[in-house]
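Read the structure below first, then the notes.
Numbering (the working numbering), first residue to last: 4 to 140.
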């Protein structure tokens, strides 16, 4: 019998910003609410099942703007790393909706002005593996 390969089409219509900070996810979301005028609230945790111990990552969401949804996702914690390819990044900010590259650069500039954020950078999602992108959807 001939082998049949099925490829999944994964949504890549979003922007991704990597954030390096020593703050906890809760403090970072509070800081964004204060400095960037978002309204992050904790939603479901992202749980990766693995042999031995599950990996749990905190997720916050803000949808104050009807056209844009922000998700602040913990990338690193004591249980492990969500996206190994980005192991130097502590948090991921996923932006769904009509957000231009100019707006991304403005947001990154705002983040860099916050003392507790060590670095923030735009991430090209096409450089990530499809399996890792699916974790963010």
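Each residue gets a CB set at the ideal place from its N, CA and C atoms; glycine is no exception.
Asked, Found
"Do residue 37 and residue 98 come within 7 Å of each other at the CB atom, strictly closer than that value?", "no"
"Considering only residues of the same chain and omitting the five flanking positions on each side of residue 29, which have a CB-CB separation below 6 Å?", "none"
"Distance check for residue 73 and residue 86, CA to CA, integer angstroms please.", "18 Å"
"Compare the Cα-Cα distances from residue 24 to each of 107, 121, 46 and report the closest residue.", "121"
"Can you have a look at residue 6 and say buried or exposed, based on whether 16 or more other CB atoms are within 10 angstroms of its CB?", "exposed"
"What first and last residue would you give for the beta strand (DSSP E) that runs through residue 49?", "49–51"
"Would you report the Cα separation of residue 27 and residue 65, rounded to the nearest angstrom?", "17 Å"
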